[in-house]
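Protein chains in written order, with our numbering: chain A, 679 to 919; chain B, 679 to 919. Heads up, the beta-carbon is just placed ideally off N, CA and C, and yes, glycines get one too. All figures in this text were calculated on a predicted structure; none of them were measured in a lab.
2 protein chains.
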Amino acid sequence: MRHKTGDMNSMDEMDSAVTERGLLSERIRKALTDEITAGVLQPGSALDEQQLALRFSVSRTPVREALRQLSNGGLVEIRPRRGVFVTRLSPERIMEMFETAAEVEALCVRLATYRVTPMERAKLVELHEASGLMAESGDVDAYDRFNRDFHVLIYQATHNGFMREHAVSLRNRLDAFRRTQLRQSGRILISRIEHAEILAAMAEGDGEQAARRMRAHLLNAATAFSRFVADHSAPESALSD
Amino acid sequence: MRHKTGDMNSMDEMDSAVTERGLLSERIRKALTDEITAGVLQPGSALDEQQLALRFSVSRTPVREALRQLSNGGLVEIRPRRGVFVTRLSPERIMEMFETAAEVEALCVRLATYRVTPMERAKLVELHEASGLMAESGDVDAYDRFNRDFHVLIYQATHNGFMREHAVSLRNRLDAFRRTQLRQSGRILISRIEHAEILAAMAEGDGEQAARRMRAHLLNAATAFSRFVADHSAPESALSD
DNA sequence: TCGCCTAGGATTGTATACAGAAACGGATCT
DNA sequence: AGATCCGTTTCTGTATACAATCCTAGGCGA
Numbered sequence: 679m680r681h682k683t684g685d686m687n688s689m690d691e692m693d694s695a696v697t698e699r700g701l702l703s704e705r706i707r708k709a710l711t712d713e714i715t716a717g718v719l720q721p722g723s724a725l726d727e728q729q730l731a732l733r734f735s736v737s738r739t740p741v742r743e744a745l746r747q748l749s750n751g752g753l754v755e756i757r758p759r760r761g762v763f764v765t766r767l768s769p770e771r772i773m774e775m776f777e778t779a780a781e782v783e784a785l786c787v788r789l790a791t792y793r794v795t796p797m798e799r800a801k802l803v804e805l806h807e808a809s810g811l812m813a814e815s816g817d818v819d820a821y822d823r824f825n826r827d828f829h830v831l832i833y834q835a836t837h838n839g840f841m842r843e844h845a846v847s848l849r850n851r852l853d854a855f856r857r858t859q860l861r862q863s864g865r866i867l868i869s870r871i872e873h874a875e876i877l878a879a880m881a882e883g884d885g886e887q888a889a890r891r892m893r894a895h896l897l898n899a900a901t902a903f904s905r906f907v908a909d910h911s912a913p914e915s916a917l918s919d
Numbered sequence: 679m680r681h682k683t684g685d686m687n688s689m690d691e692m693d694s695a696v697t698e699r700g701l702l703s704e705r706i707r708k709a710l711t712d713e714i715t716a717g718v719l720q721p722g723s724a725l726d727e728q729q730l731a732l733r734f735s736v737s738r739t740p741v742r743e744a745l746r747q748l749s750n751g752g753l754v755e756i757r758p759r760r761g762v763f764v765t766r767l768s769p770e771r772i773m774e775m776f777e778t779a780a781e782v783e784a785l786c787v788r789l790a791t792y793r794v795t796p797m798e799r800a801k802l803v804e805l806h807e808a809s810g811l812m813a814e815s816g817d818v819d820a821y822d823r824f825n826r827d828f829h830v831l832i833y834q835a836t837h838n839g840f841m842r843e844h845a846v847s848l849r850n851r852l853d854a855f856r857r858t859q860l861r862q863s864g865r866i867l868i869s870r871i872e873h874a875e876i877l878a879a880m881a882e883g884d885g886e887q888a889a890r891r892m893r894a895h896l897l898n899a900a901t902a903f904s905r906f907v908a909d910h911s912a913p914e915s916a917l918s919d
């Protein structure tokens, strides 16, 4: 079973005349999610319902629903009777999110070490080995997809569906920042080495060790992200606000 | 200096009769949350928007928004174009949730052990000592409130706001089941003893030990809940259906 | 008799209309 | 000049109307 969780959902080239199978609110939610994580919609900016409705050529109703969904994901903030704003994530907040993700992933890999099936273990190794090519060619997008599959498979190996869903949801909220740090030179190779070390600990059945390495793995990514922000956005943000 | 302007925005009435204070969708969301967790709305039952709108004397719009919010909390399931249904939680699913909560709380108390401030530690002890009266008098509701404050304060002591929010959200989803198990004879006293042991580990600065005890604390609650379910619903569900 | 197709009813999804609150700007007063 | 008051305006929150889809039931044909 090799299902790709991150399939691109870009079948929007159909005529606008046909009502698509999915709900309008879902389409809008996805579009807004992309724009926010890509930085097109800048943090702190207000999202006007009418304006968005006009942009997507729909009424305010599905736009409202999409915005409500986004607020639950933490991407936007709703101030009642005031409006909807793209959540402004402070660097501290982002680091808090990374730390939380690190701890959650650590506990997942610890449980996974004790519960993983031989088939799952084989699949993990297979994924990891396949990532070697991506690391060498520097294909960030491909490695990003692999990385996701790798981690999700570990959640899966906990054999706790609720925990898996929670971990996936957490990971989704950090994806934008993860991609950012992954683009730094050398990060992919380091990431891959850390994966190998985690797999080694799992192979020895040492859940605590695997957990420690996973925590370090995530915190390294956080540090890389932090360094990236310090290097790239300091000059720009000097006069904002 | 206080002017006597015509500003009467400051009337804070708490009654639920004709108050226009909050948003309708919020009020409905709370009402439905209560009814679902209390079991008034049984798992698997369909929620008709028009019917609910009639019941609350509002239009379908705020009802829809409330239902969307609930679906993100996992209380209801939305099948597009099919309707909204109260989520049917299998015993396995509930145990998965308890395990996840146990692990998350364990990691919280581990971090809290290393980061708690003297003031927070004092507040924890104070809370714990105050709970003695509730345990003796068997006031389940009061103990339930204390229990919540106690655990939330531990999340707070991690000094990671994001983690605190996540842990609180997780706890909310389990509150209904927690109350159930707490009503079993002796559970309150046992719970209080376990709290004391957790505090002791924190006082010694042994985060790992505190984490283990917290995990056991939550899993004990899960076991108690499981036993409660087995005792109370087995005879009925044995040959019905 | 059984299975497929179609018509009707019911319910959700979306659009539009209306009401009230919060932001904005100008005029007046101190 | 600065602040305050008040009217205007814009936008959200809610209500209602319309459209599309799904479920059900009944008829028709094999």
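Excluding the 5 residues flanking L730 (chain B) on each side, which residues of the same chain have their C-beta closer than 6 Å to its C-beta? V741
With burial defined as no fewer than 16 other Cβ atoms inside 10 Å of the residue's Cβ, what is the status of V696 (chain B): buried or exposed? Below a pLDDT of 50, predicted positions are generally treated as unreliable, and V696 (chain B), at 36, falls in that range; the measurement from the model is reported next regardless. Burial is judged here by how many other beta carbons sit within 10 angstroms of a residue's own beta carbon; V696 (chain B) has fewer than 16 and is exposed.
Of the residues B:E770, B:S723, B:C786, which one's Cα is nearest the Cα of F828 (chain B)? B:C786
Delimiting residues of the beta strand (DSSP E) encompassing R707 (chain B): Careful: R707 (chain B) lies outside any beta strand (DSSP E), inside the alpha helix (DSSP H) at 702-715.
Could you confirm whether any beta carbon from chain B is found closer than 8 Å to the beta carbon of M841 (chain A)? yes
Beta-carbon proximity of E770 (chain B) to R893 (chain B), cut-off 8 Å: For the 8 Å CB-CB criterion, E770 (chain B) and R893 (chain B) do not form a contact.
Between H844 (chain B) and chain A, is any beta-carbon pair separated by less than 8 Å? yes
Return the CA-CA distance between L725 (chain A) and D819 (chain B), expressed in angstroms with no decimal places. Using only the alpha carbons, I get a separation of about 42 Å.
At a Cβ threshold of 8 Å, is M812 (chain A) touching chain B? no
Can you grab the Cα-Cα spacing for the pair A916 (chain A) / Q720 (chain A), in whole Å? The pLDDT assigned to A916 (chain A) is 38, lower than 50, so where the model puts this residue is not dependable, and the model offers no usable value.
Cβ neighbours of V846 (chain B) in the same chain (closer than 7 Å, five flanking residues each side left out): Contacts found: V830, Y833.
Partner residues on chain A for P758 (chain B), Cβ-Cβ distance less than 7 Å: Within 7 Å Cβ-Cβ: L701.
Counterpart residues of G761 (chain B) in DSSP-defined beta bridges: B:R757
To the nearest angstrom, how far is the alpha carbon of A709 (chain A) from that of T739 (chain A)? 16 Å
Suppose only complete runs of 4+ residues qualify. What are the alpha helix (DSSP H) ranges in the stretch 734-808 of chain B, listed by chain order? 738-751, 769-793
Below 6 Å CB to CB, which residues in the same chain sit around R707 (chain A) once its five sequence neighbours on both sides are set aside? Hits under 6 Å: A744, Q747.
Bounding residues of the alpha helix (DSSP H) (the contiguous stretch that carries V818 (chain A)): 818-834
Per DSSP, cross-strand counterpart(s) of A813 (chain A): In DSSP, A813 (chain A) forms no bridge with anything.
Under three-state DSSP, which class holds L732 (chain B)? helix
Environment of S809 (chain A) [buried if 16+ CB atoms lie within 10 Å]: Its Cβ being crowded by 16 or more others within 10 Å, S809 (chain A) is buried.
CB contact check: T795 (chain A) to chain B, cutoff 8 Å: no
Taking the alpha carbon of R890 (chain A) as the reference point, which residue from A:E704, A:F855, A:A881, A:I876 has its own alpha carbon closest? For R890 (chain A), the closest C-alpha among the options A:E704, A:F855, A:A881, A:I876 is that of A:I876.
Checking 8 Å against the spacing of the C-beta atoms, do R766 (chain B) and G722 (chain B) come in under that value? yes
With a threshold of 8 Å between beta carbons, is M689 (chain A) in contact with chain B? Its pLDDT being 33, under 50, M689 (chain A) is placed unreliably by the model, and the measurement read from it follows with that caveat. It does not: the Cβ of M689 (chain A) has no partner Cβ on chain B nearer than 8 Å.
L785 (chain A): contacting residues in chain B (beta-carbon distance under 7 Å): E781, L785
With a threshold of 8 Å on Cβ separation, who are the neighbours of I868 (chain B) within its own chain once the five nearest residues in sequence on each side are excluded? A distance below 8 Å between beta-carbons, with the five flanking residues on each side excluded, links I868 (chain B) to the following residues of its chain, in chain order: N898.
Y821 (chain A), buried or exposed, once every other Cβ within 10 Å from all chains shown has been counted against 16: buried
Residues of chain A with CB closer than 7 Å to the CB of T778 (chain B), please, in chain order. N838, F840, M841, H844
Following the continuous alpha helix (DSSP H) through Q669 (chain A), name the residue where it begins and the one where it ends. Any property of residue 669 (chain A) remains undetermined from this structure, which presents chain A solely from 679 to 919.
Would G885 (chain A) be called buried (16 or more neighbouring beta carbons within 10 Å of its own) or exposed? Buried, by the Cβ-count rule.
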